[in-house]
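Worksheet: one structure, shown below.
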Amino acid sequence: MKKIIPFIVLFQFCFFAVLAQQGSNMPALDKSPADISYYPFNYPVLKIQDKITEPLVARVIYSRPKKEGRTIFGGLVEYGKLWRMGANEATEIEFFKHVKINGKKISKGRYTLYGIVNENMWTLIVNKETDTWGSFKYDSKKDVIRIDVPVQKLTEPQESLVMFFEKSTTGINLVIAWDMVKVALPVNF
Amino acid sequence: MKKVGWLVGLILVCFSFSCSHTKKEEPSTKVISTKDSSPVSTQEPVTNPYAAVDVSPMDMSYFPVDYPKLKMSHTTTIPPLARVVYSRPHLQGRKLFHGVLKYGEPWRLGANEATELQLYKSAVIQNKKIPAGRYILYCIPIENTWTIVINSNIDSWGLTQDSTKDIARFEVPVKTTSARLEFFTMIFEKTETGADLLMAWDNIETRLPFTF
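First to last, the protein sequences are chains A and B.
Position one of the first sequence corresponds to residue 1 (my numbering), numbered consecutively onward.
Position one of the second sequence corresponds to residue 1001 (my numbering), numbered consecutively onward.
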């Protein structure tokens, strides 16, 4: 019994150290924290600096899961299955003006973004059902547009899922990148 | 056997130590930062060529609480009432007053982009009706009372405020708690007439009451 005492004392010490860190019933920081991206890039900063040269077009609010050594596409995210393209709350895309995706007019407003990933091509889905969790209540009747986009390979792995807008010749692209791939959702206006 | 006991204990100590360091964040690439979002401790090297995960990660809170989960599980059919989208700075060894914040100086109630309040339907706060819509929030903290400001300058960076776009200002009392919160936290708490928006950080918490 004596032999085991140091073990018990240290175990208790560790246990209370862990408890002390939690210490509260407030919600903890998400493992996949949310983030926001605007077009124009860094619009909120430009706004307070009076440096806005073009009007607000779009923003995306999404959670950023990490790779953490896992194979993401074809592994964690199965090919051919619906994916929430983020974590936690469904990924939200908002257009501040009417835009076109794949030739179809998309009215300004808030939408949810989903994807179906495959090795060489992703289907990106803009859906009208907002304020929902993940892709668990996905209803294809509420799809606004679906578009197939090619997968581009990255040379370096991307640890955290990332989304951002970049200018294109006909509007903007929403670039979505994680692990070794990236795709772009073309938005025209 | 005695040696084994000590060895196991030591392994456990190391394990608990490493647990406390599992939530490392990469430094922010956003162009403006200040005390409420600047990294203090040594950070991991930037490995993300597009947009590093922010040192003050964003989060959102809905009312009804966890609305998206309720929607997913088909336990609600009505629209949500409110949501905040905010960034979560952390203390990193500092004190809130006067380490991160100072009395009398406006604070964005978060970090990075201005904290956003979305009302899906109109609400009443301290007898004032706030129409449905998107707003930003900031506060002016003093020792026992915080002034919470609802402002219409949406999609702005939180570092400076344009008070000409204030919609309403509310004074709310401050409570000191025994527990300390590492990360700034905003959640809605259900009340008899609506919800309180709880804002808590370090050993300070304050509530803005909404009636729906």
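Every residue, glycine too, gets a C-beta built ideally from N, C-alpha and C.
The structure presented is a predicted model; accordingly, all values stated were derived computationally and were not measured.
Rounded to the nearest angstrom, how far is the Cβ of residue 1056/B from that of residue 1187/B, given a contact under 8 Å?
-> Within the second sequence, the letter at position 56 stands for residue 1056/B. Within the second sequence, the letter at position 187 stands for residue 1187/B. At roughly 17 Å, the Cβ-Cβ gap does not stay under 8 Å, so residue 1056/B and residue 1187/B are not in contact.
My understanding is that residue 1138/B touches residue 131/A, with C-beta atoms under 8 Å, so please give their C-beta distance in whole angstroms.
-> Counting from one through the second sequence, the residue named residue 1138/B turns up at place 138. Counting from one through the first sequence, the residue named residue 131/A turns up at place 131. Actually they are not in contact, since the Cβ atoms of residue 1138/B and residue 131/A sit about 24 Å apart, beyond 8 Å.
Three-state secondary structure (DSSP) at residue 93/A?
-> Walking along the first sequence from the start, residue 93/A turns up at place 93. In the structure shown, residue 93/A sits in a strand (DSSP, three-state: E or B).
For residue 1070/B, which three-state DSSP category applies?
-> Position 70 of the second sequence, counting from 1, holds the residue named residue 1070/B. In this structure, residue 1070/B counts as helix in the three-state DSSP scheme.
Could you tell me the boundaries of the alpha helix (DSSP H) in which residue 1142/B lies?
-> Stepping through the second sequence from its first residue, residue 1142/B is reached at position 142. Run containing residue 1142/B: none; DSSP gives neither H nor E here.
Does residue 1229/B come within less than 8 Å of chain A when only Cβ atoms are used?
-> There is no way to answer for residue 1229/B, as the model of chain B reaches only from 1001 to 1212.
Roughly how many angstroms lie between the CA atoms of residue 57/A and residue 172/A, to the nearest whole one?
-> Residue 57/A sits at position 57 when you count from the first residue of the first sequence. Residue 172/A sits at position 172 when you count from the first residue of the first sequence. Cα-Cα distance, rounded: 9 Å.
Limits of the alpha helix (DSSP H) - the one that residue 1081/B falls within | Within the second sequence, numbered from 1, the residue matching residue 1081/B stands at position 81. Run containing residue 1081/B: none; DSSP gives neither H nor E here.
Mind checking residue 39/A: buried by the 16 CB within 10 Å criterion, or exposed?
-> The sequence position of residue 39/A within the first sequence is 39, counting from 1. By the neighbour-count rule (16 or more Cβ atoms within 10 Å), residue 39/A is buried.
Mind checking which residues open and close the alpha helix (DSSP H) that includes residue 46/A?
-> Here the question's residue 46/A lines up with position 46 in the first sequence. From DSSP, the alpha helix (DSSP H) with residue 46/A extends over 43-48.
Measure the alpha-carbon distance for residue 1063/B versus residue 1165/B and round it to whole angstroms.
-> Locating residue 1063/B in the second sequence gives position 63, where the first residue counts as 1. Locating residue 1165/B in the second sequence gives position 165, where the first residue counts as 1. Near 25 Å, if we compare the C-alpha coordinates of residue 1165/B and residue 1063/B.
Neighbourhood of residue 182/A by C-beta, 7 Å cutoff - its chain only, sequence neighbours within 5 removed | Stepping through the first sequence from its first residue, residue 182/A is reached at position 182. Only 152, 154, 175 and 176 meet the Cβ criterion.
Distance, residue 1129/B Cα to residue 1205/B Cα | If you number the second sequence from 1, residue 1205/B lands on position 205. If you number the second sequence from 1, residue 1129/B lands on position 129. Roughly 24 Å separates the two Cα atoms.
Is DSSP giving residue 1009/B helix, strand or coil here?
-> Along the second sequence, read from residue 1 onward, the residue named residue 1009/B stands at position 9. For residue 1009/B, the predicted structure reports a pLDDT of 46, less than 50, and the residue's modelled location is therefore unreliable. The matter cannot be settled from this model.
Can you list the residues of chain B that residue 137/A reaches, using a CB-CB cut of under 7 Å?
-> Position 137 of the first sequence holds residue 137/A. Residues of chain B passing the Cβ test: 1071 and 1072.
Excluding five sequence neighbours on each side, which residues of the same chain lie with their C-beta closer than 6 Å to the C-beta of residue 1203/B?
-> Counting from one through the second sequence, the residue named residue 1203/B turns up at place 203. The answer, listed in chain order, is 1176, 1177 and 1180.
Taking the CB atoms as reference points, tell me whether residue 116/A and residue 82/A lie closer together than 8 Å.
-> In the first sequence, the residue the question calls residue 116/A occupies position 116. In the first sequence, the residue the question calls residue 82/A occupies position 82. In contact: residue 116/A and residue 82/A (Cβ atoms closer than 8 Å).
Flag this pair as yes or no: are the beta carbons of residue 1191/B and residue 1201/B separated by less than 8 Å?
-> Here residue 1191/B corresponds to residue number 191 of the second sequence, with the count starting at 1. Here residue 1201/B corresponds to residue number 201 of the second sequence, with the count starting at 1. Result no, Cβ atoms of residue 1191/B and residue 1201/B do not sit closer than 8 Å.
State yes or no: is the beta carbon of residue 1124/B nearer than 8 Å to at least one beta carbon in chain A?
-> Indexing the second sequence from 1 puts residue 1124/B at position 124. No, residue 1124/B does not count as interfacial toward chain A.
Whose Cβ in chain B lies nearer than 9 Å to the Cβ of residue 133/A?
-> Position 133 of the first sequence, counted from the start, is the residue given in the question as residue 133/A. The answer, in chain order, is 1066, 1067, 1068, 1069, 1070, 1071, 1072 and 1073.
Would you kindly work out how many angstroms separate the C-alpha atoms of residue 142/A and residue 170/A, rounded to a whole number?
-> For this step, residue 142/A is matched to residue 142 along the first sequence. For this step, residue 170/A is matched to residue 170 along the first sequence. If I take the Cα positions, the gap works out to 27 Å.
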